[in-house]
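These protein sequence lines map, in sequence, to chains A, B and C. The end of the first sequence is residue 319 by my numbering, with every number in the run present. The end of the second sequence is residue 646 by my numbering, with every number in the run present. The end of the third sequence is residue 1037 by my numbering, with every number in the run present. Even for Gly, the Cβ is constructed at its ideal location relative to N, Cα and C. Accompanying notes for the structure given below.
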Amino acid sequence: MLSFIGRSIVQKIITLFFVSIVSFLIIHLAPGKPSQVDPMNPKFTPEVVERFRKEFHLDKPLHVQYLYFYQDFFTGKTVSWKDNQSVLKKIWERFLNSLPLFIVGTIITWTLSFPIGIRSAIFRGRLYDRSATFISYLLISIPGFFFAYILIIFVVTQFHVPVIGMETFGIGETSMPHIFMDRIWHLLLPSVLGATGGIAVLSRYVRSQMLEVEGQDYIRTARAKGLPPEQVHYKHALRNALLPFVTMFGLILPGLIGGSVIIESIFSWPGMGRMAYEAILARDYPVILTVNFVSAVLVLIGTFISDILYLMVDPRIRL
Amino acid sequence: MTNDSLISIHDLKVYFRSNSEHARAVDGVSFEVRREETICLVGESGCGKTVSALSILGLIPTPPGEIAGGQILFADQNLLELNEADMQKIRGNHIAMVFQEPLTSLNPVFTIGDQIGEAISIHKKLEAEAVRENCIQLLTDVGISSPAQRLKDYPHQLSGGQRQRVMIAMALACDPDLIIADEPTTALDVTVQAQILQLFRSIQKIRSMSVLYITHDLGVVANIADRVYVMYAGIITEHGNTAQIFHDARHPYTQGLLASLPSRSKRGTRLHSIPGAVPNPAHKPGGCPFHPRCPYAIPTCSKEYPQMCDYGQGHLARCPVLFEGGG
Amino acid sequence: MMNIEEKTFNQDFQFQVPLAPKQTRLQAFWFLFKQNRLAIVGLFIFILFFCSALIGLFLTSGPEPIFDPAMIRLQEKLRPPLAKPNLDSLRPEEVPTLDFYLMGTDDLGRDVFARMLQGAWVSLTVGFVAVGIAVLIGIFMGGIAGYFGQYHIKIDHILLTFILVSGAGLVAVKLIHFGALLLLLGLGHILYSILTKKRSREKAVSSWSAFLSKNAVSVDTLIMRIVDIMLCFPSFFLILTVVALLPASIYNIMIVIGLTSWMGTTRFVRAEFLSLREQDFVAAVKALGVSNFRIIFRHMMPNAVAPVLVSATIGIATAILTEAGLSFLGFGVPPPHATWGNILSDGKRFIFDAPWLTFIPGIAILIVVLSFNLFGEGLRDTLNPRLRERH
Chain A
1 MLSFIGRSIV QKIITLFFVS IVSFLIIHLA PGKPSQVDPM NPKFTPEVVE RFRKEFHLDK
61 PLHVQYLYFY QDFFTGKTVS WKDNQSVLKK IWERFLNSLP LFIVGTIITW TLSFPIGIRS
121 AIFRGRLYDR SATFISYLLI SIPGFFFAYI LIIFVVTQFH VPVIGMETFG IGETSMPHIF
181 MDRIWHLLLP SVLGATGGIA VLSRYVRSQM LEVEGQDYIR TARAKGLPPE QVHYKHALRN
241 ALLPFVTMFG LILPGLIGGS VIIESIFSWP GMGRMAYEAI LARDYPVILT VNFVSAVLVL
301 IGTFISDILY LMVDPRIRL
Chain B
320 MTNDSLISIH DLKVYFRSNS EHARAVDGVS FEVRREETIC LVGESGCGKT VSALSILGLI
380 PTPPGEIAGG QILFADQNLL ELNEADMQKI RGNHIAMVFQ EPLTSLNPVF TIGDQIGEAI
440 SIHKKLEAEA VRENCIQLLT DVGISSPAQR LKDYPHQLSG GQRQRVMIAM ALACDPDLII
500 ADEPTTALDV TVQAQILQLF RSIQKIRSMS VLYITHDLGV VANIADRVYV MYAGIITEHG
560 NTAQIFHDAR HPYTQGLLAS LPSRSKRGTR LHSIPGAVPN PAHKPGGCPF HPRCPYAIPT
620 CSKEYPQMCD YGQGHLARCP VLFEGGG
Chain C
647 MMNIEEKTFN QDFQFQVPLA PKQTRLQAFW FLFKQNRLAI VGLFIFILFF CSALIGLFLT
707 SGPEPIFDPA MIRLQEKLRP PLAKPNLDSL RPEEVPTLDF YLMGTDDLGR DVFARMLQGA
767 WVSLTVGFVA VGIAVLIGIF MGGIAGYFGQ YHIKIDHILL TFILVSGAGL VAVKLIHFGA
827 LLLLLGLGHI LYSILTKKRS REKAVSSWSA FLSKNAVSVD TLIMRIVDIM LCFPSFFLIL
887 TVVALLPASI YNIMIVIGLT SWMGTTRFVR AEFLSLREQD FVAAVKALGV SNFRIIFRHM
947 MPNAVAPVLV SATIGIATAI LTEAGLSFLG FGVPPPHATW GNILSDGKRF IFDAPWLTFI
1007 PGIAILIVVL SFNLFGEGLR DTLNPRLRER H
């Protein structure tokens, strides 16, 4: 067990090293320059550009820039080129904004997809299963931004509540419950949107996993013992079908950064995704690289956690 | 039939529907199991033995399966007409089943104590402590050493033979009247096979229950059976007691099966085999399903469905050709 | 007991053994596939989409297109679908081909129907080319990992690659002399080792060359590590970054989506190859002395193609969605050219005044992506023999 953990950590650090090289190369070898050092930018005189290049080591060869960047990164001194703020501090602020979206979205996803998937598997081929299947496909296929606008139109015309941003502009004067409700309304739509794709995919996966297990011999044994169907489905089948999902707890971590770019920019939500998008627009290399690095770390931690969880829940695996 | 009949199956028909094809897996099977006897259902794989057994417990998956007709009489009720809730009271409690693959038939994520105890607590409604003691007793009965420690083991920690013993303990849990054993030794080593067979024999004697033993292995049949039903392509082709079947087989298929057994007396001679292959259940030959492979077949065999011919003393064979030919 | 041996072969008539009706694999496949009604609908829409994208390409391109997606009629802006144009205010060449606006006009008075036709081609090519790239890379990497995975890369291979790559790199950063020297050195070594291949086996090995020919890493490990590295990037963010940095063009989008989505295929193909390689028919073909190339492409590929096909179909759906997302954010195809994503993106400002500008492209994307997903799932159900038995 310990040696497995050790090996796994070493492997993940090596992977991370290569990820850092690849992302650095992608960004620096791509054509075009950040606006601060672009000679075509009228805002900056050649002297300013030159000073800037010096300050951020852009006059050095690539591998030296790489070393400088990660030296700054690990000592926490990386600053954004746009406003000279500490990147880590910026990310942390945005992260705190994204967190409620992520948590609410994840809760919605996991609490809805399991009952739906399990019921679909038990009533396979019936009306419930067929409609759940079709709706899942619909949710997988609908472009997020389009769905967002449909929901915005619906909510704004039906309930007359503003939904853009984290709170209604200038709401500070009103009572606490009012502010609270306002925050909830603003939180609801983006998190539901973030959850839709997840619900569809996860419930399909739960269904197929349950179907797989329901066809096993031990389910027949359980029925032959005279167990009532609820015990067969929810004890014998579900417990086996759940094994792979325990590992997915680890894999949701990267979702903290990943797919929220579009939704956050539609709802003007000042979260991680939107910050990344703004950084890309401004070619703010340190921010892009840091976001990339942090998300790679999250992916690796996620897979690590899921490996460990798998070891813990499956009695057949012993190291 | 006789008064001591425990369960009797009349003209059972089970069809499987797939892609508009009708596979007649069991096509009018009748047999009975009496109290305190061991019955063997013999036949090649795919002849409908397992399907017959599963339909007794109502475990045929529907769809694609479908019970197209017949009766299964057990304790004055037709099991095919019972609802699911009543059927649950029969399963495990009055009729229990032991399956072929002990590894896949045990749930990998529960301890064997959980899995045995479950049947007891469902049917007998005992306290946890009583259930535990019951389990230990059962494991002792099926010959598992240090049963108290074994209760906490997971199936993958046991050997193949031990797993099958656990399966048997699970089947015995509620003292059923009938145990259906579906090729319980096929997946095991030969030495372990012998032990399990021995276990079945002793259990049957001690607990005075009936056993419906399904197998394709004539050696096992000779070892354990009181009476034998031979199945081919979804029908019963011959029935008799063990001596009748082994020494006076009257159906060409049974004769063929016996002739293909290797034995010391046939040493050095070429081993017999039945030509051809088991028919596809969706495209069975008309008339007698065995006729394309039968050495005695005459043209009427492909047209007329053969009737059971009575050879006396309960010995029946479904081959009019040999019967009229003076057998 | 009767003597069976005697009587076995004295039959003077033959019985017909009924057999299952013969079906080719394709017939059997089609038979099963037909039963999945949703998949059939998916296939139908897919064909419809394919045809309209092709026809759309011809109708909207060329110097004088039949439907002109770029024709601006400011006096006719934001007309609803099926509206008649106001013929008095239009010059003759500005009158829409159908005499009415089938899908309305946008804020510049451009015919949305013509723009949708033009955008269909973009979606189609992005989907197919991107997935084509991904599948090619995936099959190549997965095939190598699965079939040659047990081979090891030796230390001298790594050194050689390093020398060649750094040589090329030095040439690229204008240090031509030193770079060329390294390149020559590397190529010379390859030439030398090819020439002396036979003899070197017989020679006694020195400790230095023993070190050089030590196994460093197996091919399988190497490829799977590359896959792991690629999977560490958040894919939409990566695509967004690269597309934003590169000059805006439809080809860049295709290539970038393709280059960032091959990992799934690689894993499938590798897993299939690993299990196929152990199977008896491959051993039998190997025993016949068939070349590796032929084994891979003639014997193993057809067996591995099913999961690749399924993931490719669903990959097309994902690629179309990704492109639409990029267009929506304003990246990708430069403005005058219409894509479904940028029609929607432009229209979102008029969502309450001209909802068709949001709904027409949105629903179009939804239907096309849905059809690919349904078709792909249908393929999966049909091709997966384990599921086949269960239904």
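Extent of the continuous alpha helix (DSSP H) to which histidine 983(C) belongs: Counting along the chain, histidine 983(C) falls outside any alpha helix (DSSP H), and DSSP gives it neither H nor E.
Local conformation of histidine 535(B) per DSSP, three classes: coil
In the structure shown, what three-state DSSP assignment does serine 579(B) receive? coil
9 angstroms is my cut-off, CB to CB: does glycine 125(A) come that close to chain B? yes
Applying a beta-carbon distance threshold of less than 7 angstroms, which residues of chain B neighbour aspartate 217(A)? Phe418, Glu420, Thr423, Ser424
Please report whether the beta-carbon of phenylalanine 429(B) lies at a distance below 9 angstroms from any beta-carbon of chain A. yes
Under a CB-based cut-off of 9 angstroms, is alanine 222(A) close to chain B? yes
Answer with buried or exposed for phenylalanine 609(B), where buried requires no fewer than 16 other C-beta atoms within 10 angstroms of its C-beta. buried
For proline 312(A): DSSP bridge partner residues: Here the sequence assigns methionine to residue 312(A), which means proline is not the residue at that position. Answer by DSSP bridge pairing: none, since methionine 312(A) is not bridged.
Of all Cβ atoms in chain C, is any one closer than 9 angstroms to the Cβ of leucine 138(A)? yes
Return no unless some Cβ of chain B is closer than 9 angstroms to the Cβ of lysine 12(A). no
So, does the CB of threonine 15(A) fall closer than 9 angstroms to a CB anywhere in chain C? yes
Residues within the stretch 289-317 of chain A neighbouring chain C, beta-carbon criterion of under 8 angstroms: Val291, Asn292, Ser295, Ala296, Val299, Leu300
Check the DSSP bridge columns for glutamine 396(B) and list the partner residues they point to. Phe393(B)
Under a Cβ-count criterion, where at least 16 other Cβ atoms within 10 Å of its own Cβ denotes burial, should valine 10(A) be classed as buried or exposed? exposed
List, in order along the chain, the chain A residues whose C-beta lies closer than 8 angstroms to that of glutamine 407(B)? Gly226, Leu227, Pro228
When the cut-off is 9 angstroms and only beta carbons count, does isoleucine 437(B) lie next to chain A? It should be noted that the sequence gives glutamate, not isoleucine, for residue 437(B). Yes, contact with chain A.
is_contact[valine 333(B), chain A] using C-beta, thresh 9 angstroms: no
Are valine 348(B) and glycine 389(B) closer than 9 angstroms when you measure CB to CB? yes
Cα-Cα, which of Val873(C), Thr906(C), Ile896(C) is closest to isoleucine 885(C)? Thr906(C)
Residues of chain A with CB under 8 angstroms from methionine 489(B), in chain order? Thr221, Lys225
Would you mind stating whether valine 299(A) and alanine 276(A) have Cβ atoms separated by less than 9 angstroms? no
Given this structure, state the Cα-to-Cα distance separating leucine 507(B) from glycine 480(B), to the nearest angstrom. 7 angstroms
Buried or exposed for lysine 622(B), please, with buried defined as at least 16 other CB atoms from any protein chain shown within 10 angstroms of its CB. exposed
Whole angstroms are fine: how far does the CA of methionine 947(C) sit from the CA of tyrosine 68(A)? 47 angstroms
On the three-state DSSP scale, how would you describe tyrosine 234(A)? helix
Among the candidates Met528(B), Val352(B), Ala372(B), whose CA atom is the shortest distance from the CA of valine 333(B)? Ala372(B)
Counting only C-beta atoms, is proline 46(A) closer than 9 angstroms to chain C at any point? no
Listed in chain order, which residues of the stretch 235-253 of chain A have Cβ atoms closer than 7 angstroms to some Cβ of chain B? His236, Arg239, Asn240
Verify the CB distance criterion: does glutamine 231(A) have a CB-CB separation below 9 angstroms to chain B? yes
Touch check for the stretch 785-803 of chain C and the stretch 919-933 of chain C: three-plus C-beta pairs under 8 angstroms? yes
If we count the other Cβ atoms within 10 Å of its Cβ and call it buried at 16 or more, is valine 64(A) buried or exposed? exposed
To the nearest angstrom, how far is the alpha carbon of isoleucine 686(C) from that of phenylalanine 565(B)? 57 angstroms
Burial state of serine 991(C), where buried means 16 or more other Cβ atoms lie within 10 Å: buried
Quick check: is the beta carbon of histidine 341(B) nearer than 9 angstroms to any beta carbon in chain A? no
Taking the DSSP output, what are the residues bridged to asparagine 560(B)? Arg546(B)
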